[in-house]
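Anchor point for the sequence shown: position 648 equals 651 in my numbering, and the numbering is continuous, going up by one each time. Glycine is no exception: its CB is placed at the ideal position from the N, C-alpha and C atoms.
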Amino acid sequence: MGGMTATASRLLPLFLLLAVLVPAAAAAPPPVSVRYLADRQLFVLDGGPVTYVVGVNERGELQHVYWGGRLWRDDDLRAARSMPAFDSTEPGTNTTPDEYPGWGGGRYFEPCVKITRADGVRDLVLEYDSHRISGDELVIRAKDIASDIVVFLSYRMDPSGLLRKQATIENHTGQIVTLESAQSGAWLLPPGDGYRLSYLSGRWAGETLLTREEIHPGIKLLESRRGVATSNQANPWFAVDGRGRATEEHGQVWFGALAWSGSWRIAVEQTPHQQVRITGGYNTFDFSYPLKPGESLATPAFYAGYTDGGFGEASRILHRFERRVILPRAGLAHPRPVLYNSWEATGFGVTEANQAALADRAARLGVERFVMDDGWFGARDSSRAGLGDWVPNRKKFPNGLGPLIAHVRSLGMDFGLWVEPEMVNPDSDLYRAHPDWVINFPGRPRSESRNQLVLNLARDDVKEYLFGVLDRLVSENDISFLKWDANRHFSEPGWPERPPAEQRELWVAYTRNLYDIIDRLRARHPTLEIESCSSGGGRVDLGILARTDQVWTSDNTDAFDRLTIQDGFGQAYTPRVMMAWVTDVPNFNGRTTPLEFRFLAAMTGSLGIGANLTKWPEADLDYAAKMVAFYKTIRSTVQDGDLYRLAPPGGTLASVKEYVSSDGRQAVVFAFLHSQQYGRPQPAVRLRGLDPDAVYRVRSLDGKLAEKLETASGAYLMAHGLTFDLKGDFDSTAVVLERE
Ligand code: DGJ
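Below, the structure written as C-alpha cells:
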C-alpha cells in the first residue's frame, strides 16, 4: 500500500466495488470518435450528443444509415442494404438513401455531382473505393464505376456534434469533365413525412426573417444567384423538426449552415418515398466548371448538427461553435468594442471637421472605435462617382486621413474605415484606366446598380491590384478596422478573357479570390479587424465569418424592426458578430422609439451608435454615456454567453431575450413591449439556464419589475420567473442577475 493513509486503505475496497458496479459512469465516452466497423462496412462518427453513420451497401454505393442522438451500442447498427425497386418507375437506385449520389443510373432526386464528359457521356455512378481516418476526420474516396472520376468526401466531427462535410471532385480521365453540379453533401432525415422547415429569408432592410413551413413532396430551394453576396434574400441556414414539433426548449431539431458567400443553394426535398434530403453546395444555376485532366474542384464546407433540446439549443450549439472554431482568433481575444459609425449622420458628406466633431461626442459616450463610412475618397460626393479610387478626397481631407486618425486616437478610440473594394463607379479613375476589369459580356449592356459595376475579382491581376491597394491603405494609416461593403450583385456575368467554356468558373473563382484577399490582408496585418457588409446583412455565412470579426446585420436600424431581424439572425449566428446601432428618430420608417428602447435593442448584440451626436441634447448624451457604461458591464455575457429566446418579437406581449455567461456568474434579461393593451397583464417570464441551487442578486436597470426582488434563487427565477412592468408603446427594460 506504499504511502497510503489508514483511511484511504479502508476506503479502497469501496472504490474497487464502485468501479465494478458503475463502470459506465467512470468511463465517459470520448467527445469525438470516428471509426470503421469493417464487418459491416460502416463508418460511425460520434460527436458529443450526436451519432452519424454512413455505410457501403452490397452494390458498393455509399448509403446514409443514421443521423441523430448519440448511440452507444455498435450492435444496433446494421450494414447498409440498398432498397428494392418500388415499381418500374421507381428503380432501387431511386429509393435507396444515397449518401453522395452522382447523377446516373436511374436517380431522379437531387444529385451531389452532375457532369458532362467531353465525349458527351453524362452518366456518373460513384462507388466506395477506400478511406482513411485521422483523428476527428474521415475521408472516403469514391470513384465512378467506369472512369477515373474520383470524389473525396471529407467528414470532420466536432465535439458539439456538428459535422462538417466537404467534397473534392477530381478528374483523372484523359478528357475534360465539366461539372454542372458540385454539392458539399446531402443530409438525410429519418424516413417519414410531417417534417417542418425553418429558414431565414427577407430582403434589403429586412434580412434574416424566420420563416417556418411544412415540408411537402417536391423541392424547396433556398439560394443565392447573386455571385457577390450570400444575399439579403435568403441565408444558408436551415433547421428541421419533426411531427411532434420542437419548441425553443424541447424536441428534435436537425440544423445546418453552409460556408459560402457567393451563389449557393440548399435544396430541401421530400422524395415520393418520404425521404427528406437536404442537399447543399454551389448553386447549380448557370453553373459549369470544366475540369481538365488532373484538375479538381473543392466544394464549400456544409456543417450540420442535431439536438433534442429544441431550436434554442440548436442556436446555442451553432453560436458556441462559431466562437470556438469559425471566427478569427485575434478578434475573439477581446469583446467587440463599442463602435461609432458615421453613415446615418453624415452620409457621403464626410469632412475632417464633421468627423472630428462626431468623434469628440462619441468619445465622451465611451465609444471605443470610431468608423468613418462612405464618402472619404476619390470624387465620392454621392453614389455616382469615385468608387474604386481609394485615396482620400483632397477637398474633404486636405492633409490625408492622418490628422483625423490622430484626433480619434488622441480621444482614446481606434479608427475604422469603410471600403467597398470589389466595386467601381464608371465615373472613376480606376474604371477609366481599366474598363476591362469589370464583369461583363462583350457587346451587351453593363447594367449598373447604385451607379456601380463589379470588378472581376476572379482575374488574378484585379485580385493582386486590390490586395495591393488595401495593404497600402492599412500600412500607411493607423487603421484598426475595415467595414468591407459590397452593394450590388452580378449582372451580365461574363469573363471575356477566358474561353467561353471556362467563363462560368467566375461563380467560384470570384468568391475564392475575395477570401484570398481577406486572408492575406489579415495575415499581413494580424490586428486588423473586419466587418462584413453587403447592403446591410447581405454577406453573412460561415465562409465570411471565418475571416471577419463581425457583420452589419441590416441597413434597417429601426429598433422595433430590428427585434425581428435580430431574432432571426440569432437562430444561426452568435450575437457577438451581430452589429446593432442606436440611430436617430424619427427614422426612415417614420417611427419614433424612446432612447432606452433603441439602446436596449442594440445591446442584444454588439453595440454601436450611428446617430448624429452633434445634434443630441446634453441630457441624451449623458443618458447614452450611462447606457454605454452599462453595456460594458454585460457585453461579455451578451457576446459570448448562451442565448435563450424566452418570448418572440412581434406579439402584444413583451419580447424577451436572456443571456447567461459561460461561467454562469451573470445573466442578463432584455424585455421589449411594442404596445400595451390597457389592463392586459404581462405574464411572468420564466428564465432558463440558471443554477437552481444558486442565489442571484437582481439588478434592474430602471425598476420596471412588478416584483421588487433584491435576490432570488435560480429555482425561483426558472419556475416562477420575472414579471416586467412595461407600459404604453415601445417600453423596454433590462435586468442583470449576478450569482452570489
Ligand atoms: C451600405 C451599407 O449597408 C451602409 O451601412 C453604408 O455603409 C452604405 N452602404 C454606404 O454606402
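- The region 142-156 and the region 164-171 touch, with three or more beta-carbon pairs separated by less than 8 angstroms.
- Note on SER450: under 16 other CB atoms within 10 angstroms of its CB, so exposed under the neighbour-count rule.
- Closest by C-alpha distance to THR99, out of SER133, ILE143, ALA260, THR274, is THR274.
- Its chain contains VAL35, VAL37, ARG159, MET160 as the residues whose beta carbon lies nearer than 7 angstroms to that of ASP139, once the 5 sequence neighbours on both sides are disregarded; these appear in chain order.
- Taken from the Cβ of GLY105, every heavy atom of the ligand DGJ lies 7 angstroms or farther away.
- Short note on ASP384: C-beta not closer than 7 angstroms to any heavy atom of the ligand DGJ.
- Relative to the non-hydrogen atoms of the ligand DGJ, the Cβ of ASN490 comes within a distance shorter than 7 angstroms of at least one.
- Distances from the CB of GLY259 to the heavy atoms of the ligand DGJ are all 7 angstroms or more.
- Here GLY230 really is in contact with TYR513; their C-beta atoms are around 6 angstroms apart, less than 8 angstroms.
- Of the residues assessed, GLN669 falls on the buried side of the cut-off, its CB having 16 or more other CB atoms within 10 angstroms.
- In the structure shown, the three-state DSSP call for ASP696 is coil.
- With a beta-carbon spacing of about 6 angstroms, LEU407 and ALA359 fall inside the 8 angstroms limit used to define contacts.
- Taking a C-beta distance under 8 angstroms as the contact criterion, GLY188 and PHE305 qualify as a contact pair.
- Comparing alpha-carbon positions, the option among ASP544, PHE572, LEU548, THR586 lying closest to THR560 turns out to be THR586.
- If only uninterrupted beta strand (DSSP E) runs of at least 3 residues are considered, those enclosed by the region 311-347 are 342-344.
- Taking 8 angstroms as the cut-off, the beta carbon of THR176 is found closer than this to the beta carbon of SER150.
- The DSSP-derived three-state label of TRP190 is strand.
- Per DSSP, the beta-bridge partners of SER452 are GLN455.
- Note that the region 380-392 touches the region 426-441; at least 3 beta-carbon pairs, one per stretch, sit closer than 8 angstroms.
- Non-local C-beta neighbours of ARG62 in its own chain, meaning closer than 6 angstroms and more than five positions away in sequence, comprise SER85, ordered along the chain.
- Per DSSP, GLU599 is not a residue of any beta strand (DSSP E); the alpha helix (DSSP H) it occupies stretches across 598-606.
- Here TRP379 has VAL353, PRO395, ASN396, LYS399, PHE400, LEU404, LEU420, TRP421 as same chain residues with Cβ atoms under 8 angstroms from its own Cβ, once five neighbours each way along the sequence are excluded.
- For the ligand DGJ, a non-hydrogen atom lies closer than 7 angstroms to the CB of TRP555.
- When DSSP states are grouped into helix, strand and coil, GLU713 belongs to the coil group.
- In this structure, DSSP gives ILE547 a helical state, which the three-state scheme calls helix.
- The beta carbons of THR726 and LEU708 sit about 7 angstroms from each other, so the pair counts as a contact at 8 angstroms.
- Cα atoms of THR714 and LYS223: separation of roughly 50 angstroms, rounded to the nearest angstrom.
- Taking 8 angstroms as the cut-off, the beta carbon of SER133 is found no closer than this to the beta carbon of ARG125.
- From the listed residues VAL441, PHE444, ALA356, HIS437, the smallest Cα separation to HIS410 is found for ALA356.
- Counting C-beta atoms within 10 angstroms of its own C-beta, LYS146 has 16 or more neighbours from the protein chains shown and is therefore classed as buried.
- Short note on GLY539: C-beta closer than 7 angstroms to some heavy atom of the ligand DGJ.
- Within the same chain, VAL698 come within 6 angstroms of SER716 by CB-CB distance, once the 5 residues on both sides are set aside.
- In this structure, DSSP gives PRO502 a state outside helix and strand, which the three-state scheme calls coil.
- When the five nearest sequence neighbours on each side are left out, the beta carbons in the same chain lying within less than 8 angstroms of the beta carbon of LEU300 are those of THR171, ILE172, LEU182, ALA185, TYR292, LEU294, VAL511, in order along the chain.
- The beta carbon of CYS115 sits no closer than 7 angstroms to any heavy atom of the ligand DGJ.
- In the three-state reduction of the DSSP assignment, ASP645 falls in the strand class, which pools E and B.
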